[in-house]
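J.: Right, I'll just put the structure down here and ask away after.
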Amino acid sequence: MKRFETKYASMRQTNFILAFYALQINTHSVLVDDETGGEVMKGIKRLCAALLATTIVAFTVPSAMAANIAVVGGKNDDAFWNLIKKGIDDARLVVEANGGKVNYLRLQTYDNFAPDVVQLIQTAISQKVDGLVIPNWVPEGEDPAIKEAVAAGIKVILMNAGGIDKARELGAINYVGSDEYLAGVAGGEYFFKNGKKNVLCVNTVPGAANLEARCKGVIDGITKAGGTAKQLPLPATSFGDATAVAEAIKATLLQDATIDGLITISAGDADSAAIGIQQAGKTETTLLGTFDLNQSGLDRINAGTQGFAIDQQPYLQSLLAVTLLASAIDFGTDLPTSPVLTGPDIVDKLNIEATLTGVSKGAR
1 MKRFETKYAS MRQTNFILAF YALQINTHSV LVDDETGGEV MKGIKRLCAA
51 LLATTIVAFT VPSAMAANIA VVGGKNDDAF WNLIKKGIDD ARLVVEANGG
101 KVNYLRLQTY DNFAPDVVQL IQTAISQKVD GLVIPNWVPE GEDPAIKEAV
151 AAGIKVILMN AGGIDKAREL GAINYVGSDE YLAGVAGGEY FFKNGKKNVL
201 CVNTVPGAAN LEARCKGVID GITKAGGTAK QLPLPATSFG DATAVAEAIK
251 ATLLQDATID GLITISAGDA DSAAIGIQQA GKTETTLLGT FDLNQSGLDR
301 INAGTQGFAI DQQPYLQSLL AVTLLASAID FGTDLPTSPV LTGPDIVDKL
351 NIEATLTGVS KGAR
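With the UniProt record's numbering applied, the sequence shown covers 1 to 364.
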């Protein structure tokens with residue numbers, strides 16, 4: 001009896017972490033335009049209330065079953081997916097306190113993207129997991145495998161890529177992440193508001209639906225405002241190859257002197273872009289932006305050599321996706337908020353200090 005009480009006390013203590021995170025979410029705003037930001041914040045506040053209610057259930061009701069959850073994610077050397085890992089690790093505390101487990105299945109390379117993702121989904125199915133958190137990067141390749149998981153009785157949450165419409169189509173219970181198209185639109189509008197008229201969106205993983213949506217949003221956002229933009233698709237093998245990305249950007253800027261804004265689909269690519277812009281002698285005239293955050297990008301924003309970054313808060317994506325899925329499996333909870341949006345959040349010199357605080361703690 002004492003052993004049960006000790007374990008159950010640990011469960012209550014760990015679930016308090018979830019309540020704490022819910023309160024933290026409720027006290028932070030998402031910084032996009034008023035209309036979009038207002039809708040995102042309304043959703044986050046509804047989510048906060050639901051998370052607190054779920055935590056109360058976890059305090060008082062012993063688990064009917066222990067959730068066994070698999071999460072599919074990006075490469076080990078991809079900084080973005082290591083932020084996702086921190087969210088998974090923190091969510092794992094809650095899941096394990098209830099007797100469950102979480103397994104993070106990561107891609108080894110992006111060279112054979114769609115088939116490798118499908119293989120990870122098949123691995124999760126073969127492990128007979130109860131829940132699957134999966135980005136819907138390549139719908140034409142992944143959709144049949146995700147439907148197979150759902151048909152096998154596995155509860156699925158789409159995270160990071162896919163959107164709520166795709167989640168409903170596939171039978172997933174929710175989508176947790178940013179609206180990538182709206183994030184791109186916000187970026188395109190930001191360029192135009194800051195005097196830039198011709199923007200290049202550099203895509204190092206062409207064909208990935210969420211990244212294509214980012215560039216499309218940028219193009220539509222600035223075009224509607226009165227400017228122009230185009231995508232520069234690079235081979236997927238260039239992802240993480242700083243020299244290849246920098247050289248491609250340098251060559252493009254030298255070929256078209258009218259380009260005055262450039263945005264990359266990842267923070268690592270922004271590091272390469274900064275080098276390419278400098279080598280082309282365009283630092284003073286080309287405003288650099290990026291999707292996602294890293295320390296070097298934030299340092300450039302602080303120094304004035306990068307204009308902004310669009311954050312989708314990956315830590316929150318995995319933290320919320322895993323805990324919400326575990327709650328649905330363990331306690332039968334049904335979250336009315338859908339989708340669960342964690343962005344977009346534009347970071348520039350106006351709010352850099354608050355963002356750096358989160359970075360110092362490994363969560364942004």
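All C-beta atoms, glycine included, are put in the ideal place defined by N, C-alpha and C. All of these numbers come straight from a predicted model, not from anything done at the bench.
In the DSSP assignment, find the beta strand (DSSP E) that holds LYS101 and state where it starts and stops.
T.: Its beta strand (DSSP E) spans residues 101-106.
J.: What's the C-alpha gap between GLU140 and ALA303?
T.: When rounded, the distance between both Cα atoms is 42 Å.
J.: Quick one: what's got a C-beta closer than 7 Å to ASP78's C-beta in the same chain, skipping five residues either side?
T.: Same-chain partners within the cutoff: there are none.
J.: Alpha carbon to alpha carbon, how far is ALA251 from ASN174?
T.: Approximately 42 Å between the Cα atoms of the pair.
J.: Leaving out five residues before and five after ASP116 in sequence, what residues of the same chain have Cβ atoms less than 6 Å from its Cβ?
T.: Result list for ASP116: LEU107, in chain order.
J.: Given that a residue counts as buried once 16 or more other Cβ atoms are within 10 Å of its Cβ, and exposed if not, what is ASN68?
T.: Its Cβ being crowded by 16 or more others within 10 Å, ASN68 is buried.
J.: Under three-state DSSP, which class holds THR109?
T.: Of the three classes helix, strand and coil, the one that applies to THR109 here is coil, per DSSP.
J.: Name the residue from ILE154, THR123 and GLU148 whose alpha carbon lies nearest to the alpha carbon of ASP330.
T.: When each option's Cα is compared against that of ASP330, the closest is ILE154.
J.: Is the distance from the Cβ of GLY217 to the Cβ of GLY188 below 8 Å?
T.: Yes.
J.: Could you tell me the alpha carbon to alpha carbon distance between GLY268 and THR290, rounded to whole angstroms?
T.: Approximately 9 Å, taken between the alpha carbons.
J.: Would you kindly work out how many angstroms separate the C-alpha atoms of VAL359 and GLN295, rounded to a whole number?
T.: Roughly 7 Å separates the two Cα atoms.
J.: I'd like to know whether the C-beta atoms of residue 367 and ASN203 end up nearer to each other than 8 Å.
T.: No answer is possible for residue 367: it lies beyond the span of the chain, which begins at 1 and ends at 364.
J.: Which same chain residues end up closer than 7 Å to VAL95 when comparing Cβ atoms and leaving out the 5 residues on each side of it in sequence?
T.: ALA67, ILE69, LYS101, VAL102, VAL322 and ALA326, listed in sequence order.
J.: Below 8 Å between beta carbons: does that hold for VAL71 and SER318?
T.: For VAL71 and SER318, yes; Cβs fall inside 8 Å.
J.: So is LEU350 buried or exposed if we call it buried at 16+ other beta carbons inside 10 Å?
T.: Exposed: under 16 other Cβ atoms inside 10 Å.
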